[in-house]
Each structure stands twice: as C-alpha cells, then as structure tokens.
Amino acid sequence: MPFRYFGFAKTVLVALVLATTPLFVINIILNQFAESRALEEMQSMGQVSVHRAEEAITTTVSLLQRLDRDNVQTCAAEDRAIYEQLIIEYGMIDAIGMVDASGQRMCIIPDRELTAEVVLPPLRTDGPLVGIGMLERQYLGARAAVVSWDLKNENRLFAEVTPSVIAMDPGPEYLRSYRRTELRLGDNLLWYSVGGYTSEESDPSKMLSVDVASELYPLIATVKAPVSAAIQVVQQLKVIAAAACAGIALLFVAIGVWYSWRPESEANDEFVAAIRNGEFIPYYQPVMDIETKRVRGCEVLMRWRRPNGMIVSPGQFMAYAEANGHIFDMTRHMMRVSSEEVGKLYGENPDFKLSINLFAGHFLDREIVADIKSIFENSEISYQQIVVEVTERYPLEDMDLARKIMAEMQALGVRVALDDVGTGHGGMAYLQKLGVDIIKIDKMFIDSISSDDNSTTIVDSMVELADNLGMGIIAEGVEEEEQIDRLMELGVTAAQGYYFAQPMPAKEFIEFAERIEDEARERARIAAEAAAAEQAAAEAAMSEAAA
152 MPFRYFGFAK TVLVALVLAT TPLFVINIIL NQFAESRALE EMQSMGQVSV HRAEEAITTT
212 VSLLQRLDRD NVQTCAAEDR AIYEQLIIEY GMIDAIGMVD ASGQRMCIIP DRELTAEVVL
272 PPLRTDGPLV GIGMLERQYL GARAAVVSWD LKNENRLFAE VTPSVIAMDP GPEYLRSYRR
332 TELRLGDNLL WYSVGGYTSE ESDPSKMLSV DVASELYPLI ATVKAPVSAA IQVVQQLKVI
392 AAAACAGIAL LFVAIGVWYS WRPESEANDE FVAAIRNGEF IPYYQPVMDI ETKRVRGCEV
452 LMRWRRPNGM IVSPGQFMAY AEANGHIFDM TRHMMRVSSE EVGKLYGENP DFKLSINLFA
512 GHFLDREIVA DIKSIFENSE ISYQQIVVEV TERYPLEDMD LARKIMAEMQ ALGVRVALDD
572 VGTGHGGMAY LQKLGVDIIK IDKMFIDSIS SDDNSTTIVD SMVELADNLG MGIIAEGVEE
632 EEQIDRLMEL GVTAAQGYYF AQPMPAKEFI EFAERIEDEA RERARIAAEA AAAEQAAAEA
692 AMSEAAA
C-alpha cells in the first residue's frame, strides 16, 4: 500500500512539473517572441518612412537637375509656365521657384506674396549642390520639405515637397496605438512625427527603440514603443496557457501517446493518397477587364475536396505540401486537369489567360519548364495563354537561376507575373532582376484604396512603375464598386475578386465566361445598331436639306 501511495505522489509531482515548467518556459518564449516581432515591425516601419523620404528627395533633386540642364533657370514667364506644368505632372511637388543668395524667394509657382522670409540658409561658396530644409507648414505630423539646387550663379532653384508624401502611419494596430515614430534630417531637424508615446522618464529596460538610417541622405527614422505594447500581441496566449496549466500534464501524456501510436509517416501517407486519388482540384477565379466588363481569363486556385465532399482551403494544407515536396506533383496535376477542363473554352477564346501559381521551390531546377511543355504542348491552351505567378511573400533562394528559368518560360511565350507585390521579400529587386511581365497589386492595398490616401499613392506608384517598365498590372481582392471606380481613375484596367466572382469549379467558370461574353456581344450589337440608326438619320437629314 505505501508503494501505491508513493507511486501516486510521484505521478502528481511529475504532473505538476510538467504543468508548471512549460508554462514558465512558454511565458519567457512568448515575451521574447513578442519583443522580437515588435522590433521587426518597428524596423519595417522605420524603413518605410526612410524609403518614402528618399524617394521624395531623389525625385525632387532629379527634377531640379533637369531644369538646370534644360536651362530653365529664371523667373521669366516661359520658365514659370514650365514650373507650373511640372507641378501638375509631379503630384508630390507643391511649388517650384527660385531664391537668391540670401535664401529669400525671388519667385514661386503657384504665385504667392513674396515676403522677406528666408526659406533657405544663405548660399556658401563651399556649400553642397543640393540643400534640404523644412517649412512650418504641416499635415498629419509631417512638415513640408524644401529641396534646393545651386545654379552656380548666386541663385538656387527650389521645390517644396508636399507633407502628404511621407504623412503615413504604417505598422500593426497593436503598436500604432502606443509607439512614436520620428524622421529627422541632418542635425536633428524634425521632418515627420506620429504617435504620442514618449520615452522621457521611462525605464530604458521597459521600452523598445529602433533607429533606421538612410544610406543616401542624412536621414534617420526613430521608432519607440513600450515593451508592454509588444506584449499585448501574446497576452491572450498567456491567458490560455495559464488556464491550461492544470491539464498540461495530461496534455503532454496524451501527445506522447499519440505520437508513439501514430507515426509521422501516417499523416504523410494520407496526403500522398489524397494526391493519388485526385482529391486536389482546381478552382477558377475570373480576371476581368473593368473597362469593357469582359473576361480576360482566370487564376487557377487549388482546393482539397475530401471524400466526404468537404472543401478544404489551401491555407490549411499548402505549407505542408510545400515543406514536404508534394507541391510539385500537385502543381502538375492542377495543370493537367485545368488543360482538360477549360481547354475548349480557351481554344475558342485565344485572348484568355490562364494563371498558374508556382512557389519558390519551382525555381530551383528546370523541371517546371519541362512540365509546362509536356502538358500544354498538344493542349488547346497555347503557351501564349499561360501566366505563371510567383509570390513575393517568400524569398527565392537563387535569383540568377530563377531568372534563367523564367527566361526559358518567356521564350516559349509564357508570361510571368509577380504576385502579392509590396508585401514580401523581393520588392524592387524582383522587378529589376526577374524581368516579370505582370505585377499583381495585393488585396491589402485594394481594401483601403477608396478611403486611405496612402494606399492610393502606393497603387498609383505601382501603376506608374508598371507603365514605365512596360508591364501589365492586375488588382487582386476587389470587393466594392468604389474600388473599381478608383482603380479606373488610376489607370488599372484588370482586376479579380469577389466583386466579380469567387473561385468556382470548371463548369461554373465556363458558364460564367460564356454568359459574360454573350452579354458583351449583345452590348456591341446594340451599340452598332444605335450607331447605324444615328448614321441613317444623319444621311436622311442631309438628303432632306439638299432637296
């Protein structure tokens, strides 16, 4: 009997250790994770502020250099007209003018009353060609910047940069409510600040701080936040962990038994069986022309249809498929099935595009090129109708090899699209090095495009970039008519999202595409009849007048 009591006591003791030790460790890990994540977010917030400021300065300096090079250097009427045209062309510029050696305005466009106010420091013979200063005018915590260019004739050209260029508030909500971001120029000259948190009289051990310096200009962004704000993101997890303390020992035992009974290979075998049984199927989301209201094609999205008919979204299995190498067979299966299901539709509509999602692992060898050739070589879907999408969310391990593989695809006629632009690792490097044909604007920017000036500015910049690089552009995640109107104003003509249609099986997509095309032909017929009637009426009026 005493041995039984001893065994029971030992079991209870072990259970208590198993319950409290993980809880203690979890709290430490969660705190470290929260601080690490907050520092990463703060670093990203600082980088966004610095990058926006660098772009504004670089663009403005280039503009002033161009004026100098083109000999537009006076306050004469013809030069003032050029200044006015450039202000209209460059949305970030509020005004352009000239100052004398003392820093007083000689002229400014748009016309303002010229006062004795000094807007730039006096000219120095050994001073730099480019000068940067601040004005008192503010917007959402940002001051208007003034950038000057020395003409080497005692005068300087200058441009006033609108505060809204950098008046942004990036970052997750749990930090934005408590942090303070400051962007300073040169010797502690404040350009932009947002947030009310201050570190004065605070314990340094209880606050987080990140400095991000520009490599191009004397700019530094400082982001500060209390540790307590970072901890909020894991607070609920801590509560759950504490509530589960009493049963954690049982949980560990259950997990141990489960793992010992069910080997890792069993889950993998189930996944392989699902691939073999064709449980992974393509769904098709239409891509629309928002001007003509016609179908441009579709994006092929993967779904897992279980034997009981339940549809599983890719978020629940895609990471596992990629990590275990199953994604290659699954992608080949998607291409084969889509070729069979919508091949006839695409054969009848040679302008339709079929977008296929690839992941970073596809660009580590040329097998994907061979797959595309073997599947579509004799298909009704031509190479020219295929678009492969590579996401920016996950980094490509070998950029040079990836570029070569994409070039092989493009040589066949396949187009390459960069998905999730602005949300991931690649940024400008992907656009510069990969030679993509299409960029897709991520849903996070589209969601607020009709209400947030920052999102509008970002999308506008993407459109301008795509135009300059000769690339197509598609907006993702469109759900509201206001977003359609805003996109059309910005020059975006292709979009996809629930506003048009959600992803659907092949039969529904084919019916959708045929219905949209029928409606387009009917609109064209009505328009043609109206034009013919108008022409006939005009001819009749002319005949009557001649008589």
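Just so you know, we're using my numbering here: the sequence shown kicks off at 152 and counts up by one.
Positions of the beta carbon are idealized from the N, C-alpha and C atoms, including for glycine.
Within the region 411-450, complete beta strand (DSSP E) segments of at least 3 residues are found at 431-440, given in chain order. Residue state for Y343 is assigned as strand, using DSSP reduced to three classes. Counting along the chain, the unbroken beta strand (DSSP E) around E311 starts and ends at 307-312. In the displayed model, A645 falls within a strand according to three-state DSSP. Boundaries of the alpha helix (DSSP H) around I597: 594-597.
CA-CA distance, I260 to D245, rounds to 9 Å. Contact check for V281 and V298: beta-carbon distance about 7 Å, within the 8 Å limit, so the pair qualifies. Taken through DSSP and simplified to helix, strand or coil, I590 comes out as strand. For I371, the beta-bridge partners assigned by DSSP are R335, A364.
Assignment of E548 by DSSP, reduced to helix, strand and coil, places it in the coil class. In this structure, DSSP gives T542 an extended state, which the three-state scheme calls strand. Taken in chain order, the unbroken stretches of beta strand (DSSP E) that lie wholly in the region 239-272 and span 3 residues or more are 244-250, 256-260. Taken through DSSP and simplified to helix, strand or coil, E627 comes out as coil. Where S489 is concerned, the enclosing alpha helix (DSSP H) starts and stops at 478-499. Assignment of S464 by DSSP, reduced to helix, strand and coil, places it in the coil class. DSSP places L620 inside the alpha helix (DSSP H), whose first and last residues are 604-620.
Rounded to the nearest whole angstrom, the CA to CA distance from R666 to P433 is 21 Å.
For I283, the secondary structure class from DSSP, reduced to helix, strand or coil, is strand. Under DSSP, M453 takes part in a beta bridge, and its partners are P433.
Taking a 10 Å sphere around the C-beta of R203, we find 16 or more other C-beta atoms and assign the residue as buried. Counting other Cβ atoms within 10 Å of its Cβ, A626 reaches 16 or more and is therefore classed as buried. If the five residues before and after E540 are omitted, its C-beta is found closer than 6 Å to the C-beta atoms of S506, N508, A568, D570, all from its own chain and listed in chain order.
Counting only the Cα atoms, G248 lies some 13 Å from V269.
Of the candidates A376, D301, A293, the residue whose Cα lies closest to the Cα of Y329 is A376.
Residue ranges of uninterrupted beta strand (DSSP E) with 3 or more members are absent from the region 653-682; none lies entirely inside it.
Residues V610, D611, V614 of the same chain have their beta carbon placed closer than 7 Å to that of L641, with the five preceding and five following residues left out of the count. For E499 and G466, the gap between their C-alpha atoms comes out near 33 Å. In this structure, the beta-carbon distance from M486 to F527 falls below 9 Å. If the five residues before and after I233 are omitted, its C-beta is found closer than 7 Å to the C-beta atoms of V223, all from its own chain and listed in chain order. Residue pairing by DSSP places P377 opposite M358 in a beta bridge. Just so you know, the alpha carbons of D588 and R307 end up roughly 41 Å apart.
Between E668 and V446, the beta carbon gap of about 7 Å places them in contact (Cβ cut-off 8 Å). If you draw a straight line from the Cα of I624 to the Cα of K594, it is about 13 Å long. In the structure shown, the three-state DSSP call for N182 is helix. In the DSSP assignment, V316 falls outside any alpha helix (DSSP H), carrying neither H nor E. Rounded to the nearest whole angstrom, the CA to CA distance from A675 to V438 is 20 Å.
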